[in-house]
Amino acid sequence: MRFTDKLHAAERANRSLLCVGLDPEPGKFPGAWQHEPARIFDFCATIVDATRDLVCAFKPQVAYFAAQRAEDQLERLVAYIHKAAPDVPVILDAKRGDIGSTAEQYAREAFERYQADAVTLSPYMGFDSLEPWLAYEDKGLFLLCRTSNPGGSDLQAQRLVTGDLLYEQVARLAAGPWNRTGQLGLVVGATFPAEIERVRALAPTLPLLIPGVGAQGGDAAATVRAGWRGSAERSSAPIIVNSSRAILYASRGNEFAAAAREAALATRAALAAAQAASGSSQVAGSR
5 MRFTDKLHAA
15 ERANRSLLCV
25 GLDPEPGKFP
35 GAWQHEPARI
45 FDFCATIVDA
55 TRDLVCAFKP
65 QVAYFAAQRA
75 EDQLERLVAY
85 IHKAAPDVPV
95 ILDAKRGDIG
105 STAEQYAREA
115 FERYQADAVT
125 LSPYMGFDSL
135 EPWLAYEDKG
145 LFLLCRTSNP
155 GGSDLQAQRL
165 VTGDLLYEQV
175 ARLAAGPWNR
185 TGQLGLVVGA
195 TFPAEIERVR
205 ALAPTLPLLI
215 PGVGAQGGDA
225 AATVRAGWRG
235 SAERSSAPII
245 VNSSRAILYA
255 SRGNEFAAAA
265 REAALATRAA
275 LAAAQAASGS
285 SQVAGSR
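Residue numbers (my numbering): 5 to 291.
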């Protein structure tokens, strides 16, 4: 199954636009697990079990595992997600960007070693840095476009000789000549709803991975209004709204799994309410 098909199926089955980011920090683990890197898999698998019926995707961040020498736990975790939640895609947040044989090795790492369904990539070395990834035709590739950090404007908001801002050019390329296999999506931060709307206009059908809701301050309703297009039955322009810390660390106590579920339920509900309002306004506007 292609990534986009799996994404649509999970969105419909779980009635959700929510992605839970898996960014394990042992110092924030509950109780006896605190400061125990060996419990990374246990912590993340518990979060997966608590939220797997509430999400359209899971997004493990490679650095949080690699920094703790826990890559083997990441392998186990992705395998566990595929078993425990087989209809929910896994997006590996790696932000890789290189060319030639090095890019081939990064692609093998993401898709053969970790068995991810999709990956985040930096596109700033050009199309040839993406080509090795396109060989995995059933996988999704999310290109950094307009990121949520304040310093993203240092480069992404620079105006080109064409008149476009740099992030707008990335969106145009991803929606046009670079998307020859239909695998591309874009990463756009929830803290910039106006830019989400601009990216959606330039890339009307591409999946958007939108981090920043929750601890980073992104607003769920504004995010959906800016980027989601569709109906109750099917989205014609999917968005994947990521929340990490607000869900993972909703509680530091032994009830952390229940607290994570409650936080995920609340975020899913906020996104669903925004969908309903956005869908109503789209219907009204088409009359």
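Backbone N, C-alpha and C define an ideal beta-carbon position, used for all residues, glycine too.
What residue from the options has the CA that sits closest to residue i's CA?
| i | options | result |
| --- | --- | --- |
| Glu259 | Trp37, His12, Tyr84, Gln160 | Trp37 |
| Ile214 | Phe69, Tyr110, Asp97 | Asp97 |
| Thr55 | Lys32, Glu75, Gln72, Gly25 | Gly25 |
| Val66 | Cys60, Ala74, Val59 | Ala74 |
| Met5 | Gly156, Gln187, Pro41 | Gln187 |
| Ala139 | Asp57, Arg150, Ala114 | Ala114 |
| Arg43 | Arg117, Gln77, Ala70 | Gln77 |
| Gly130 | Gln119, Ala71, Pro197, Ala107 | Ala107 |
| Thr227 | Ser255, Ala194, Tyr253, Gly257 | Ala194 |
| Ala281 | Ile244, Ala264, Ala230 | Ala230 |
| Arg204 | Ser157, Gly222, Gln72, Tyr171 | Tyr171 |
| Ala253 | Arg16, Gly35, Leu125 | Strictly speaking, residue 253 in this sequence is Tyr, with Ala absent from that position. Checking every option, the nearest Cα to that of Tyr253 belongs to Gly35. |
| Ala198 | Arg150, Gly155, Ile244 | Arg150 |
For residue i, which residues from the same chain have a beta carbon less than 8 Å from its beta carbon, with the 5 sequence-adjacent residues on both sides left out?
| i | result |
| --- | --- |
| Ala274 | Ala224, Ala225 |
When you compare only the Cα positions, how much space is there between residue i and residue j?
| i | j | result |
| --- | --- | --- |
| Leu206 | Ala175 | 6 Å |
| Ala88 | Asp53 | 8 Å |
| Asp49 | Ala261 | Here the sequence assigns Ala to residue 49, which means Asp is not the residue at that position. For Ala49 and Ala261, the distance between alpha carbons rounds to 10 Å. |
| Ala111 | Val82 | 16 Å |
| Ser248 | Asn183 | 29 Å |
| Gly104 | Leu134 | 9 Å |
| Arg117 | Val191 | 23 Å |
Grab me the residues of residue i's own chain with a C-beta within less than 7 Å of its C-beta, minus the 5 sequence neighbours each way, in chain order.
| i | result |
| --- | --- |
| Thr8 | Gly144, Pro211 |
| His39 | Pro30, Gly31 |
| Arg80 | Phe45 |
| Pro93 | Phe7, Lys10, Leu11, Ala14, Ala61, Asp121, Ala122 |
| Leu269 | Leu58 |
| Ala276 | Arg19 |
Once the 5 residues before and after residue i are set aside, which same chain residues still bring their CB inside 6 Å of it?
| i | result |
| --- | --- |
| Lys63 | Cys23, Gly25, Ile95, Asp97, Asn246 |
Fill in: Whole alpha helix (DSSP H) elements within the stretch 44-94, 4-residue minimum
For the stretch 44-94, whole alpha helix (DSSP H) runs of length 4 or above, ordered along the chain, are 44-55, 66-70, 75-88.
Worksheet item: Which runs of the beta strand (DSSP E), 3 residues or longer, sit entirely within the stretch 156-206?
Response: Runs of the beta strand (DSSP E) inside the stretch 156-206: 188-192.
Worksheet item: In chain order, which continuous runs of the alpha helix (DSSP H) of length 4 or greater are located wholly inside the stretch 227-280?
Response: Assignment of alpha helix (DSSP H) within the stretch 227-280, counting only whole runs of 4 or more residues, yields 249-252 in chain order.
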